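One point on numbering: in UniProt numbering, the residue at position 218 of the sequence shown is 218, and numbering is uninterrupted.
Note that the Cβ used here is the ideal one computed from N, Cα and C, for glycine as well.
Owing to the predicted nature of the structure, the values given are computational and were not obtained by experimental measurement.
Below: one structure, written as structure tokens.
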Amino acid sequence: MIRIGLLLFPGSNCERETAMAVKRAGMHPVDVLWNEPPETLRALDGFILVGGFSYEDRSRAGIIAALQPIMQEIKQQSRLGKPILGICNGAQILVEAGLVPGLADAEGQMALTENRRIRQGRILGTGFYNAWITLCLSEGHQANAFTRHLNASDRLHLPVAHAQGRFVMPDGLLQQLIARGLNLFQYCDAEGRTVDQFPVNPNGSVNNLAAVGNAAGNVLAMMPHPERTVNGDKLFTSMRESIETGIRSAGATDCPARTVSGPDATYRQAAQAHQCLVKLTITDNQAMTVQKTLQAMGFPVRVHRYVHWELVGPDSGMMQAIKQAGVLFCDRKEQEMSPDALHQARALSYLVRVKDDVHGQDMRQTLIGQYGFEAVKTVHHGIVWQFESDEADVTTLIDRILSTNMIGNPYAHECYRYDATLSG
1 MIRIGLLLFP GSNCERETAM AVKRAGMHPV DVLWNEPPET LRALDGFILV
51 GGFSYEDRSR AGIIAALQPI MQEIKQQSRL GKPILGICNG AQILVEAGLV
101 PGLADAEGQM ALTENRRIRQ GRILGTGFYN AWITLCLSEG HQANAFTRHL
151 NASDRLHLPV AHAQGRFVMP DGLLQQLIAR GLNLFQYCDA EGRTVDQFPV
201 NPNGSVNNLA AVGNAAGNVL AMMPHPERTV NGDKLFTSMR ESIETGIRSA
251 GATDCPARTV SGPDATYRQA AQAHQCLVKL TITDNQAMTV QKTLQAMGFP
301 VRVHRYVHWE LVGPDSGMMQ AIKQAGVLFC DRKEQEMSPD ALHQARALSY
351 LVRVKDDVHG QDMRQTLIGQ YGFEAVKTVH HGIVWQFESD EADVTTLIDR
401 ILSTNMIGNP YAHECYRYDA TLSG
């Protein structure tokens with residue numbers, strides 16, 4: 001019987017429904033833990049990276065899992081032509097690992113970033129969203145391992161449940177995907193129209209993208225959950241047929257080198273702006289996980305994490321009132337820090353912001369609409385990551401640390417050197 005490996009990381013939680021979908025398609029599911037030896041994967045016929053919240057989405061959804069050693073074997077199995085499906089968090093892992101789209105001549109790469117639910121210019125919400133949506137195959141879609149039993153008239157009614165499901169990429173790459181049919185599935189309405197508005201597009205994904213494949217046709221990163229309903233069974237029966245009819249080598253072009261994510265510039269506070277730097281008073285699990293992952297990769301560093309707000313417009317009195325309102329931070333578990341506190345002799349700090357900064361836009365909308373702080377002109381939100389070491393000169397490590405993309409994806413984020421002496 002065909003054996004499909006279900007790749008599980010700490011925090012994966014969709015293995016049961018995925019196993020049921022695999023069985024409905026006449027295949028046998030095999031649980032594979034992230035720390036098992038590579039040879040475990042070599043005896044399997046295909047793989048599904050299941051949904052959930054690997055490593056609690058710490059730092060960014062999918063990035064910690066993508067850096068685990070087992071993903072090197074997954075890349076090798078993809079080169080052999082074995083079908084690999086990433087669902088929701090699994091899709092995020094595939095994108096961060098570079099398996100999708102994996103074009104050798106790609107004009108940039110892609111990222112999956114924070115949801116943005118907008119209608120008629122108004123932000124309705126950000127973050128986690130759970131709903132049933134409709135999908136269709138894109139016009140001119142590639143025939144691949146997961147579409148054999150689907151046709152252009154099919155409408156798939158599937159659930160979505162994610163916080164970071166919005167595909168973003170340079171326009172040049174999007175045009176490459178469309179030209180090659182790799183923009184496999186799109187969000188649409190009941191009539192198949194790809195309306196780029198919420199709720200048809202549940203997360204603001206460019207081109208209404210719901211799933212993207214690789215050029216070889218054996219890897220698919222899909223944000224909706226086909227395994228949670230029989231409505232998605234045709235993807236799994238297609239996967240079975242692709243294995244039964246014979247797997248062909250996909251070549252070695254699916255995993256390009258990761259692009260170095262260097263700082264864009266040094267952060268300088270905007271004119272007429274105030275900063276608010278926030279630190280957890282309890283253990284910061286995100287910083288701890290990034291620290292442990294970097295240490296496992298050979299970087300002897302300690303990691304600290306701070307939430308950074310920059311507000312342009314309010315005077316000092318209004319800024320104090322905004323802080324007291326409790327919307328920038330919760331003083332029961334967080335405390336404001338002075339930027340000077342980050343100035344350490346053996347440390348370097350970097351501010352990372354989402355390029356379109358939907359959190360900042362949403363916060364401004366809240367401050368004006370719900371609290372009446374009309375003077376707020378702009379709000380920027382970001383994370384300051386600090387790296388320090390007693391064993392090594394951090395300046396000799398930082399380029400390699402940033403090249404892991406662990407604190408930011410260069411296609412979704414901006415990265416600035418954060419120097420306390422220049423930030424005020």
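Anyone know if the C-beta pair for W385 and S349 falls short of 8 Å?
yes
Comparing C-alpha positions only, which one of I383, V303, E336 sits nearest to V394?
V303
Do you know whose CA, among P29, Q275, Y306, D284, lies nearest V312's CA?
Q275
From R417 to G408, what does the alpha carbon distance come to, in whole angstroms?
13 Å
Quickly, what does DSSP pair residue 433 with across the bridge? List them, please.
Past the edges of the chain, shown from 1 to 424, lies residue 433, and the structure says nothing about it.
Can you tell me whether DSSP reads S12 as helix, strand or coil?
strand
Hey, could you find the ends of the alpha helix (DSSP H) D399 is sitting in?
Segment 394-403, the alpha helix (DSSP H) holding D399.
Which value, in whole angstroms, describes the spacing of the CA atoms of A190 and I64?
37 Å
I178 bridges to which residues according to DSSP?
According to DSSP, which records beta bridges pairwise, I178 is partnered with nothing at all.
Counting Cβ pairs closer than 8 Å, one from the segment 112-119 and one from the segment 198-210, do we hit at least three?
yes
What number of angstroms, rounded off, separates the C-alpha of T404 from the C-alpha of M318?
For the pair T404 and M318, the Cα-to-Cα distance works out to about 40 Å.
Going by DSSP, which residues form a beta bridge with G165?
Answer is none; G165 lacks a bridge partner.
Are the Cβ atoms of V30 and Y411 separated by less than 8 Å?
No. Outside cutoff.
Can you give, in chain order, each stretch of the beta strand (DSSP E) that sits fully within the segment 65-137 and has at least 3 residues?
84-87, 111-113, 116-119, 122-126, 129-137
Once the 5 residues before and after G11 are set aside, which same chain residues still bring their CB inside 6 Å of it?
G52, F53, S54, Y55, E56, listed in sequence order.
By how many angstroms is the C-alpha of D357 removed from the C-alpha of E17?
34 Å
Is there contact here, the segment 288-296 with the segment 320-330, by at least three beta-carbon pairs under 8 Å?
no
Going by other Cβ atoms of all chains shown within 10 Å of its Cβ, with 16 needed for buried, is L124 buried or exposed?
exposed
Would you say Q186 and L103 are within 8 Å of each other, going by their C-beta atoms?
No, Cβ-Cβ distance for Q186 and L103 is not below 8 Å.
State buried or exposed for T113, treating a residue as buried only when at least 16 other CB atoms are found within 10 Å of its CB.
Buried, since its Cβ has 16 or more Cβ neighbours within 10 Å.
Look at the alpha carbon of D284 and the alpha carbon of D390, and state the distance between them as a whole number of angstroms.
21 Å
Verify whether the separation of the beta carbon atoms of I2 and M27 is less than 8 Å.
A Cβ-Cβ contact shorter than 8 Å links I2 with M27.
By Cβ distance, which residues of its chain are closer than 6 Å to M363, with the 5 residues on each side in sequence left out?
Taken in chain order, the residues that qualify are V379.
Within a Cβ cutoff of 6 Å, which residues of the same chain sit near E73, ignoring the five residues on either side of it in sequence?
Taken in chain order, the residues that qualify are P38, L41.
Per DSSP, what are the beta-bridge partners of A345 in this structure?
Beta-bridge pairing links A345 to no other residue.
Outcome for C136 when other beta-carbon atoms lying within 10 angstroms are tallied against a minimum of 16
buried
Straight-line gap, G181 to G81 (C-alpha atoms, nearest Å)
18 Å
Closest by C-alpha distance to Q291, when choosing among E388, N214, L158
E388
Between the Cα of L220 and those of P300, T281, L94, spot the shortest distance and give me the residue it belongs to.
L94
Is it the case that the Cβ atoms of V160 and N183 are separated by a distance below 8 Å?
no
Among G90, F47, Q92, the one whose alpha carbon lies nearest that of Q76
Taking only the C-alpha atoms, the option nearest Q76 is F47.
Could you check where the alpha helix (DSSP H) with V290 kicks off and where it finishes?
285-296
Within 10 Å of its beta-carbon, does residue 502 have 16 or more other beta-carbons around it, so buried, or fewer, so exposed?
This structure leaves residue 502 out entirely; the chain is present only between 1 and 424.
Once you ignore the five residues that flank A252 on each side, which residues in its own chain have a CB closer than 6 Å to its CB?
Since pLDDT at A252 reaches only 43, below the 50 mark, its modelled position is unreliable, and the value read off the structure follows with that caveat. If we look at A252 and ignore the five residues flanking it on each side, its Cβ neighbours are R79.
Along the chain, where does the alpha helix (DSSP H) that runs through F236 open and close?
Membership of F236 in the alpha helix (DSSP H) is indicated by the continuous run 233-244.
Buried or exposed for A287, going by 16 or more other Cβ atoms inside 10 Å?
buried
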